[in-house]
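Participant: The structure that follows is given in the form of structure tokens.
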Amino acid sequence: MSLARRGQHWGTFARIWHVYDAKWQDPYRSAKLLKDYLMGLYKPIYHPLNDCGDHVVVINSKEIALRGDEWRKRVYFHHTTYHGGATWTLAWELHNKDPTLIVEKAVYSALPKNLQRRHTMQRLHIFPNNKIPKDILENISNQIKQLRPVPVRLDHIPKEEVDNFPQLLKYPKDYVLR
Amino acid sequence: MVFLSLNLLVRARGPDEFWRKRKIFKLAAHYIGRRKNCYSITIRTVQRALVYATQGRHEKKEDIRELREQRLEAATTQHGINFRTLKEGLARCNILLNRKVLADLSIWEPRSFKALTDIACTRAKQDHLKTVHNIEVPKNVFVRGLIK
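Residue numbers (my numbering), protein chains in the order written: chain L, 3 to 180; chain E, 173 to 320.
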């Protein structure tokens, strides 16, 4: 095998590190996307027995967005195996305890239920904010596109721009807004 | 039994039952315990194994087809279309490549595969297929009325 060919071979089977910004993204829809990268399903060389899954670094997991009123309605079940050991934690409670857990559980449930699942999960790194440790940051070479664009909040737009925005009508100065 | 030659006479020594059972035992030579020693158990296991082998021949074909589709799905999403569009587009262009060839091309000759997806995408766009509604026609494909 020539040196160039060997390099090509290494490049094909090398693990790639992807970064995914979870800000304002639905964790359950993102999980389906991240699953493809974790298992290597997006590569044409995919085979269930060849170890071609990649690393995925999820950042800003604190700022995920659940659909509808799922923050109040989604419940996470845990049982300690003792009598009366069942607990039901609401999504917002769990998110307050650990802002990475909802993403982790979403990806875990999206992966196929087999022995490989826990090993695949080892390749998922979740961080609540955008601070990534240096040893992880230096590996990253690709960014996964977000499922939907992050909306700009009105209070984050500079006041100047808001004031200069063309208006259909202007209230008179002595008009009382209720 | 008719022994037309000396050869067959030599082969046919011993009772018929022994040779009948030996055929089965030979198939069970690698089994463990009584499965390879007791005929009544052996015959049961061997028959079941043969049934499995027959089923497996069909299942293997299905599995490989599934794997190739999975790989092609991965290869085509890199170029912005999906496998269904690729297949439909190529079929309409009379490019008759099967899943095996397409999957091999996507691994070993990614550039050729990219050209194929471009052709399929252009054709699908020309025929107003729904799946490529939001995709732009690849700029490197010159149609000149040849594709249709």
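Quick reminder that beta carbons are idealized off the backbone N, C-alpha and C, glycines included.
Bear in mind that the values here come from a model prediction, so they are computed numbers and not experimental data.
Below 8 Å between beta carbons: does that hold for K125(L) and H57(L)?
Facilitator: Indexing the first sequence from 1 puts residue 125(L) at position 123. Indexing the first sequence from 1 puts residue 57(L) at position 55. The identity of residue 125(L) in the sequence shown is Arg, whereas the question assumes Lys. A contact, by the Cβ cut-off of 8 Å.
Participant: Quick one: list the residues of chain L neighbouring L239(E), beta-carbon separation under 9 Å, in chain order.
Facilitator: What you label residue 239(E) is simply residue 67 of the second sequence in a count that begins at 1. Y48, H49, P50, listed in chain order.
Participant: Are the beta-carbon atoms belonging to R74(L) and W90(L) less than 8 Å from one another?
Facilitator: One-based indexing of the first sequence puts residue 74(L) at position 72. One-based indexing of the first sequence puts residue 90(L) at position 88. The answer is no: Cβ separation not under 8 Å.
Participant: Output yes or no for whether 8 Å exceeds the beta carbon distance between D28(L) and N62(L).
Facilitator: Within the first sequence, the letter at position 26 stands for residue 28(L). Within the first sequence, the letter at position 60 stands for residue 62(L). Cβ atoms of D28(L) and N62(L): not closer than 8 Å.
Participant: Can you tell me whether D137(L) is buried or exposed, with buried defined as 16 or more other CB within 10 angstroms of its CB?
Facilitator: Locating residue 137(L) in the first sequence gives position 135, counting from the first residue. Flag for D137(L) reads exposed.
Participant: Decide yes or no for the touch test of the stretch 257-270 of chain E against the stretch 281-296 of chain E: beta carbon pairs closer than 8 Å, at least 3 of them.
Facilitator: Contact holds: three or more Cβ-Cβ distances are below 8 Å.
Participant: Could one say the Cβ of Y44(L) lies closer than 8 Å to chain E's Cβ atoms, at least one of them?
Facilitator: Counting from one through the first sequence, the residue named residue 44(L) turns up at place 42. For Y44(L), the answer is yes, since a Cβ of chain E falls inside 8 Å of its Cβ.
Participant: Are the stretch 42-50 of chain L and the stretch 164-180 of chain L touching, with three or more C-beta to C-beta distances below 8 Å?
Facilitator: The answer is no - the stretch 164-180 of chain L does not touch the stretch 42-50 of chain L, with fewer than three Cβ pairs under 8 Å.
Participant: Considering only the alpha carbon of each residue, which of L35(L), R120(L), F167(L), K25(L) lies closest to V152(L)?
Facilitator: Mapped onto the first sequence, residue 152(L) falls at position 150. Considering only alpha carbons, the answer is K25(L).
Participant: Please compile the residues from chain L whose C-beta is within a distance smaller than 8 Å of the C-beta of S278(E).
Facilitator: As a working note, residue 278(E) is residue 106 in the second sequence. The contacting residues are P46.
Participant: Can you name the start and end residues of the beta strand (DSSP E) that D23(L) belongs to?
Facilitator: Sequence index remark: in the first sequence, residue 23(L) carries index 21 (1-based). Residues 19-23.
Participant: Roughly how far, in whole angstroms, is the beta-carbon of S278(E) from the beta-carbon of A247(E), given that I think they are within contact range, below 8 Å?
Facilitator: Locating residue 278(E) in the second sequence gives position 106, where the first residue counts as 1. Locating residue 247(E) in the second sequence gives position 75, where the first residue counts as 1. About 4 Å; that satisfies the 8 Å criterion.
Participant: List the residues of chain L whose Cβ lies closer than 8 Å to the Cβ of A292(E), in chain order.
Facilitator: The count along the second sequence starts at 1 and reaches residue 292(E) at position 120. Within chain L, no residue comes near A292(E); the closest Cβ sits about 16 Å away, beyond 8 Å.
Participant: Check distances from the C-beta atoms of the stretch 213-229 of chain E to those of chain L and list, in chain order, the residues that come in under 7 Å.
Facilitator: Those would be none; no residue qualifies.
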